[in-house]
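Following: one structure in C-alpha cells, then a few remarks.
Number of protein chains: 2
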Amino acid sequence: MSVSIDNFLKNIYLLNQETAGAVTSSNLAGRLEISVAAVTDMARKLGKQGVVDYKPYKALQLTRQGDEQALKIIRKHRLWELFLHEVLGLDLLSVHQEAERLEHHTSDDLMNHISRFLGHPDFDPHGDPIPGIGGHIPSEKGVIPLTEILENQRCMIKKLRYRNAETSDLYDRYGLKTGLVLKVMKVFSFDGSIEVKLPDGKKEVLSGKLAANVFCIRK
Amino acid sequence: MSVSIDNFLKNIYLLNQETAGAVTSSNLAGRLEISVAAVTDMARKLGKQGVVDYKPYKALQLTRQGDEQALKIIRKHRLWELFLHEVLGLDLLSVHQEAERLEHHTSDDLMNHISRFLGHPDFDPHGDPIPGIGGHIPSEKGVIPLTEILENQRCMIKKLRYRNAETSDLYDRYGLKTGLVLKVMKVFSFDGSIEVKLPDGKKEVLSGKLAANVFCIRK
DNA sequence: TAGCAATTTTAAGCAACCTTAAAATAAAAA
DNA sequence: TTTTTATTTTAAGGTTGCTTAAAATTGCTA
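Chains as they are written, first to last, in numbering that gives the first Met the number 0: chain C, 0 to 218; chain P, 0 to 218.
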C-alpha cells in the first residue's frame with residue numbers, strides 16, 4: 000500500500016471522527032493539500048479496490064475493510080508518537096511530524112515490538128486513543144472539554160488537541176500536560192475565559208478557545 | 000531527496016567498499032534490482048546534480064558531496080539496526096529489513112536522539128562502523144578474517160558479514176556473535192575449514208567459506 | 001421551480017521512475 | 001587489425017499520483 004493511499008484512508012477516518020459529519024472531496028482535498036480532482040481519482044480507484052464506498056457526488060465513506068486499514072495506520076502513528084516522546088524524549092510537536100513519516104514504513108511486527116516495549120499503552124502523548132491490533136479503540140468515556148467544568152470543580156487533563164504549532168506553544172507556556180490535575184477557579188462568561196489553578200499553586204487564565212481544546216475528566 | 004536517489008548513492012558507496020573496484024552500471028543494476036537503463040538514466044540525472052561523477056561508459060563514482068549523502072544514509076541505517084536490535088529486541092535479520100525502509104524517513108534530529116540514546120556507538124550489531132555526523136568512520140584497524148588466525152591463537156569477533164538469510168542462520172546455529180572470544184583449535188588445510196572453541200567450551204568446525212565472513216581482532 | 005453558485009467529475013497533461021528493445025560503444029578474441 | 005561479444009546508452013512507452021481547466025451535477029435561493 001502506498002503512502003498516498005495510507006494517508007487517504009487515514010484522513011477520511013479522522014475527518015469523519017472530528018467533524019462527525021459527511022466527508023466531502025473538498026474537505027479531504029484541503030486536508031491532504033492536493034486538488035479536488037486528485038481526490039476524485041483516488042476515491043474511484045479505492046472504490047474499485049473495495050476500501051472506499053464511492054458513489055459519484057456522494058460523501059466519502061470507508062468500507063469495513065477501509066476502516067481496518069485506517070485504524071492500523073493510526074495505531075502505528077500513535078504508538079510512534081508515544082515511543083518517540085517517552086523513550087527518545089522528542090517534544091510533542093516533532094513527535095507528530097516524525098510519526099507522520101514513520102507510520103508508513105513500519106511493519107506490523109516492529110509495531111508490536113514497540114507496543115510491547117511500551118506496555119501496550121492505551122493513549123498517545125496527546126491523549127488520543129491507540130487502536131489495538133484487532134482495531135479496538137480504548138474508551139474515552141467521561142472525557143469532556145475543560146469548558147464544561149464548573150467553578151470550584153477539579154479535573155484531570157486527558158487530552159490536548161494540537162491544532163498547530165501555536166497551541167503547542169501555548170500549552171507549554173501554561174505548563175499544561177496530560178495527567179495534570181486542575182481546579183477551575185473562575186469562569187468569565189464575558190469572553191469564556193477560564194481561570195485555573197495548577198498543582199504547583201500557580202493560577203493561569205486560559206482563553207475560551209484554548210480551553211475548548213483541552214479535554215479532561217471530572218475529579 | 001527521494002528513496003530511489005538515497006538507495007542509488009548508498010549502494011554505489013557500499014559496492015565500491017565491498018568490491019574495492021570500479022562500480023559498473025550492471026553491477027549496480029543487479030544490486031538494486033532495476034534495469035541497466037534505469038541506472039544510466041539516474042546516473043546522468045545525478046551527474047547534473049553534482050553528486051555523481053558521470054561520464055558515459057565509465058565506472059560510476061560519487062563526488063565528495065555524493066559521498067557525504069551516502070554516509071548520512073548509512074549512518075541512519077546502522078543506527079536503526081543497533082537500536083532495533085538492542086532496544087526493541089528484533090533479530091539481526093529483521094533489523095536489516097526494517098532499517099532499509101526507516102533510513103529514508105528519519106530526520107537528522109531524530110537520528111541524533113537515537114544516537115545519544117545509544118551512547119553514540121561506533122558499530123552496528125553486524126560489526127559495521129557507524130559513520131559520525133561529520134562523516135567520520137570509526138576505525139576497523141586490526142580487524143581481519145577468521146581465516147587469518149593461526150592454530151592455538153585466540154581472537155574476538157568484531158563483525159559478521161550477513162550475505163543472506165542462510166549465513167544468519169548459520170551464525171545462530173554455531174552461536175557466533177560480535178564480542179565473542181574464540182580460540183582456533185585446528186585449521187584443516189584440506190578444505191580450509193576451522194575448528195574453534197567457544198567461551199562455553201563447545202567446539203565447532205566452521206567451513207572455510209563461512210570463516211571468511213567472520214572478522215575478528217587478535218587477542 | 002428556474003436559475004445561479006458551489007461542488008464534483010472528466011479530460012488532458014506533466015514529472016518521476018521504471019520497463020523493453022534497438023543502437024552505439026568498448027573490450028576481448030581471433 | 002578485424003571480428004565477435006559484452007556492456008552501456010538511447011529511444012519509446014507504461015504507471016502512479018499529481019496538476020489545471022472545462023464540463024457536469026447538485027442543491028440552494030429567489
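Each residue gets a CB set at the ideal place from its N, CA and C atoms; glycine is no exception.
Counted as a single uninterrupted DSSP element, the alpha helix (DSSP H) harbouring K71/P occupies residues 63-85. Close to R100/C, with beta-carbon spacing below 7 Å, are these residues of chain P in chain order: H104. Against L87/P, the close residues of chain C are L109, H112, I113, F116, in the order they occur along the chain (beta-carbon pairs closer than 8 Å). Residue environment analysis places Q68/P among the buried positions, since at least 16 neighbouring C-beta atoms fall within 10 angstroms of its C-beta. In the structure shown, the three-state DSSP call for F7/C is helix. Straight-line spacing of the CA atoms in S192/C and G20/C works out to 28 Å.
With 16 or more other Cβ atoms from the protein chains shown falling within 10 Å of its own Cβ, V213/P counts as buried.
Residue-level contact by beta carbon holds for E97/C and chain P, with a gap shorter than 8 Å. Taking the Cβ atoms as the reference, N6/C lies roughly 12 Å from L14/C, outside the contact range of under 8 Å. Bridge partners of E194/P according to DSSP: K185/P, V204/P. Of the candidates S114/P, A210/P, G133/P, G133/P places its Cα closest to the Cα of Q64/P. When Cβ-Cβ separations below 8 Å define contact, S3/C makes no contact with chain P. Chain C has a Cβ within less than 8 Å of the Cβ of S93/P. G178/C has its alpha-carbon roughly 21 Å from the corresponding atom of R74/C. In terms of Cβ geometry, L45/P and I72/P do not form a close pair [threshold 8 Å]. Under the 10 Å beta carbon count, E102/C is surrounded by 16 or more other beta carbons and is classified as buried. Within the segment 22-66 of chain C, the runs of alpha helix (DSSP H) that reach at least 4 residues and sit entirely inside it are, in chain order, 24-31, 35-48. Counting only residues of its own chain and dropping the five nearest sequence neighbours on each side, V2/P has a CB closer than 6 Å to the CB of H103. The residues A28, in chain order, have a CB closer than 7 Å to that of S34/C in the same chain once the five nearest residues on each side in sequence are set aside.
The C-alpha of G174/C lies about 14 Å from the C-alpha of E165/C.
C-alpha of L209/C to C-alpha of G141/C: approximately 20 Å in a straight line. For I113/C, the enclosing alpha helix (DSSP H) has its first and last residue at 107-116. Distance between E194/C and P144/C, taken at the CA atoms: about 15 Å.
Close CB contacts of M110/P within its chain, under the 8 Å cut and outside five residues either way in sequence, are with R74, K75, L78 (chain order). Bridge partners of R153/C according to DSSP: K182/C. Under DSSP, the beta-bridge partners assigned to K158/C are F214/C.
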